[in-house]
Amino acid sequence: MNCLLFMMGGSGTRFGADIPKQYIEIHGMPLFAYTLQAYGQCEFVDKVIIVSNADWIDYTQEKAEKILADKLLAVTIGGVTRSHSVKNGLLCCQKYLNSNDILLIHDATNPFIDEDALKQAIIMATESGIAAVVTNQVHTLYRKSESRLEEVVPRETVCSGYSPEVFRFSEINGFYEHADDQKLETITSAVALALDQGKAVKCVSANICNLKITYSHDMDVFKAIIDYRRDHLEG
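Per the numbering used here, residue 545 is the first one in the sequence shown, and the count goes up by one each step.
This is how it looks when you write it as structure tokens:
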């Protein structure tokens with residue numbers, strides 16, 4: 545079984561809205577619904593578990609049932625930090641997943657999916673345990689010290705993380721139980737925690753807009769992309 549753990553438990557304080565950003569509506573649909581729809585239509589993702597903001601869990605449950613139908617396994621409550629939310633999600637996963645099942649962790653703040661990259665990451669995780677979906681760098685990158693540039697960083701040696709992070713369940717089950725509170729406070733990514741624990745992680749490059757919705761202008765970019773797709777690709 546390939547199961548999605550969909551992370552949307554945050555409060556979105558940096559965004560500056562009255563409600564968490566994942567619940568802001570665009571054309572009558574909350575932000576998180578766009579990504580859930582894509583996963584709902586993805587043939588090689590079998591089930592979904594959602595980690596929700598505690599104040600919005602009933603709303604999340606209602607929307608997710610309509611979008612995912614019998615793909616939805618459960619909706620559980622997030623924690624005080626992103627890592628605590630993942631930990632809560634994994635505890636829920638233990639009720640449903642076996643050791644050889646594949647778990648995909650996707651943040652609602654990464655609204656797009658690349659199915660080809662996702663499929664490759666699942667294959668990699670099945671074979672080696674852990675895989676990350678990333679995007680390649682196209683900008684010139686520099687290493688700096690305060691306000692001074694020190695050197696150029698070869699861009700072929702770096703990449704940006706995206707979603708999902710993909711694990712054989714036997715690999716990730718226990719990661720967060722073994723991490724102390726300080727690590728859970730400072731390390732927000734499951735792959736980063738895996739690297740911190742000395743695990744080998746493979747990666748696959750996605751052909752996707754690496755958009756993380758953190759601030760209000762990020763939402764403007766997402767809305768512009770949705771509008772373009774509606775006007776030029778679907779209409």
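Here a beta-carbon is modelled for each residue, glycine too, at the ideal position from N, C-alpha and C.
All figures in this text were calculated on a predicted structure; none of them were measured in a lab.
Span separating the alpha-carbon of residue i from that of residue j
i, j, result
"residue 715", "residue 772", "40 Å"
"residue 713", "residue 650", "15 Å"
"residue 588", "residue 582", "12 Å"
"residue 618", "residue 678", "27 Å"
"residue 687", "residue 694", "5 Å"
"residue 691", "residue 740", "29 Å"
"residue 717", "residue 554", "22 Å"
"residue 722", "residue 737", "10 Å"
"residue 701", "residue 637", "34 Å"
"residue 646", "residue 673", "9 Å"
"residue 704", "residue 755", "11 Å"
"residue 631", "residue 569", "28 Å"
"residue 648", "residue 711", "6 Å"
"residue 696", "residue 762", "27 Å"
"residue 758", "residue 764", "11 Å"
"residue 767", "residue 732", "26 Å"
"residue 730", "residue 593", "24 Å"
"residue 609", "residue 601", "12 Å"
"residue 698", "residue 742", "24 Å"
Burial state of residue i (16 or more Cβ within 10 Å)
i, result
"residue 685", "exposed"
"residue 629", "buried"
"residue 546", "buried"
"residue 622", "buried"
"residue 615", "buried"
"residue 781", "Outside the modelled stretch of the chain, which goes from 545 to 779, sits residue 781, for which no answer is possible."
"residue 709", "buried"
"residue 596", "buried"
"residue 682", "exposed"
"residue 591", "buried"
"residue 567", "buried"
"residue 652", "buried"
Residue closest to residue i, alpha-carbon to alpha-carbon, out of the options
i, options, result
"residue 670", "694, 642, 679 and 656", "642"
"residue 707", "735, 740, 605 and 764", "735"
"residue 633", "723, 548 and 696", "548"
"residue 728", "554, 656, 627 and 668", "627"
"residue 635", "720, 759 and 737", "720"
"residue 612", "637, 625, 578 and 640", "578"
"residue 620", "605, 609 and 610", "605"
"residue 551", "748, 625, 745 and 747", "625"
"residue 752", "680, 610 and 689", "680"
Proximity test, residue i beta-carbon vs the ligand MN heavy atom, cut-off 7 Å
i, result
"residue 600", "Among the ligands in the structure shown, none appear at all, so the ligand MN cannot be discussed."
Presumed contact (8 Å Cβ cut-off) between residue i and residue j, rounded CB distance
i, j, result
"residue 607", "residue 574", "7 Å"
"residue 668", "residue 661", "10 Å between Cβ atoms; not a contact."
"residue 571", "residue 770", "7 Å"
"residue 664", "residue 745", "Between residue 745 and residue 664 the Cβ distance is about 14 Å, and since that is not below 8 Å, they are no contact."
* Stretch-stretch touch, CB-based, cutoff 8 Å, three pairs: the stretch 652-666 with the stretch 566-586 -> yes
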